[in-house]
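K.L.:
Which chain is which? The protein sequence lines are A and B, in order. Residue numbers are given in my numbering: position 106 of the first sequence equals residue 106, and the series is strictly consecutive. In my numbering, each residue's number is its place in the second sequence (first place is 1) plus 1000.
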Amino acid sequence: GAVVSQHPSWVICKSGTSVKIECRSLDFQATTMFWYRQFPKQSLMLMATSNEGSKATYEQGVEKDKFLINHASLTLSTLTVTSAHPEDSSFYICSARGTSGRDWNTGELFFGEGSRLTVL
Amino acid sequence: RKEVEQDPGPFNVPEGATVAFNCTYSNSASQSFFWYRQDCRKEPKLLMSVYSSGNEDGRFTAQLNRASQYISLLIRDSKLSDSATYLCVVNNGGSSNTGKLIFGQGTTLQVKP
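(1) With a threshold of 8 Å on Cβ separation, who are the neighbours of Ala-1020/B within its own chain once the five nearest residues in sequence on each side are excluded?
(2) Just the chain A side, please: which residues come within less than 7 Å of Glu-1043/B by C-beta, in chain order?
(3) Does any residue of chain B have a CB that is nearer than 7 Å to the CB of Leu-117/A?
(4) Taking the C-alpha atoms as reference points, what is the distance between His-85/A and Ser-15/A?
(5) Return the bridge partner residues of Ala-56/A from the DSSP annotation.
(6) Check whether chain A comes within 7 Å of Phe-1103/B, counting only Cβ atoms and requiring the distance to be less than that.
(7) Comparing C-alpha positions only, which one of Leu-76/A, Trp-35/A, Asp-88/A, Ala-72/A sits nearest to Tyr-58/A?
(8) Given a limit of 7 Å on CB to CB distance, which residues of the region 19-46 of chain A reach chain B?
(9) Would you mind sorting Gln-29/A into buried or exposed? The rule is 16 or more other CB atoms within 10 Å of its CB.
(10) Go ahead and pull the three-state DSSP assignment for Asp-27/A.
(11) With 7 Å as the threshold, decide whether the Cβ of Lys-1112/B is near any Cβ in chain A.
(12) As a quick exercise: from Lys-1112/B, Val-1111/B, Ser-1083/B, pick the residue whose alpha carbon is nearest that of Tyr-1036/B.
(13) Quick one: residues in its chain with C-beta nearer than 6 Å to the C-beta of Ala-96/A, no 5 flanking neighbours on either side, listed in chain order?
(14) Opposite Lys-1045/B in the DSSP bridges: which residues?
(15) So Thr-75/A is in the beta strand (DSSP E); what residue range does that whole segment cover?
(16) Would you mind telling me which residues of chain A sit closer than 9 Å to Tyr-1100/B, beta carbon to beta carbon, in chain order?
(17) Spatial neighbours of Arg-1001/B within its chain, please: C-beta separation below 7 Å, excluding the five flanking residues on both sides.
(18) Looking only at C-alpha atoms, which of Thr-1061/B, Gly-1016/B, Lys-1100/B sits nearest to Gln-1031/B?
(19) So, is Thr-17/A buried or exposed, given that buried needs 16 or more other C-beta atoms within 10 angstroms?
Laid out in structure tokens, this is it:
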């Protein structure tokens, strides 16, 4: 199946710093990528939809100036958590749909390995 | 009301047992339904799609009841390796390639020897 790679897997940073997380589709072109956040024992919450070459669409309650998303190519989307605070500590997961074929039609998402952010 | 609701469990069952998970969704316009599996501290992975006619994949059977807005997953002959969190996922309106996927909280299964 399709492969999505996310980096870094773990990151610890001081409060006030910015952290960038990368999401790459390794063997297919992803016109659309999704960024989710998951707090312990909770469901994945969609933060934003990233479309290649255009602005991301943010879900209600997600600050677009705090969570900057860039999808400059068909294989890379980045999420930057700006001025991170302890309450931003979470598991951030990206996912992607392909551009055509079975996966697109079934709606299956391929997930990155996730990035666990801890803000001290 | 949550858009997708699941009993979080945990379900503790012995090896070989049959276990069933249920899920309800609130948006009657939802088009596509899935069960994903998530291991601890890992990313979710698609277990199976759920079709209106019901579908089976080995020991796993998924069913959909659109009238009741209810989805189920049945696992027969549980294995230790089935221990994980099972996420009910609904495509929230639109066609499968445009709607957003909404995740339930997940149901945790622990299969014991």
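Note that the Cβ used here is the ideal one computed from N, Cα and C, for glycine as well.
P.N.:
Walking through what the data contain:
(1) Ser-1072, Leu-1073, Leu-1074, Ile-1075
(2) Simply Ile-93, Phe-111, Gly-112, Glu-113, Gly-114.
(3) No, no contact with chain B.
(4) 5 Å
(5) Answer by DSSP bridge pairing: none, since Ala-56/A is not bridged.
(6) At least one chain A Cβ lies under 7 Å of Phe-1103/B.
(7) Trp-35/A
(8) The region 19-46 of chain A vs chain B, Cβ under 7 Å: Gln-42, Ser-43, Leu-44, Leu-46.
(9) exposed
(10) Secondary structure of Asp-27/A (DSSP, three-state): coil.
(11) no
(12) Ser-1083/B
(13) Val-4, Ser-25, Ala-30, Met-33, Phe-110
(14) In DSSP, Lys-1045/B forms a bridge with Arg-1037/B.
(15) Thr-75/A -> no beta strand (DSSP E), and no H or E assigned at all.
(16) Checking the displayed sequence, the identity of residue 1100/B turns out to be Lys instead of Tyr. By Cβ distance, chain A contributes Phe-34, Leu-46, Thr-49, Glu-59.
(17) Ser-1026
(18) Lys-1100/B
(19) exposed
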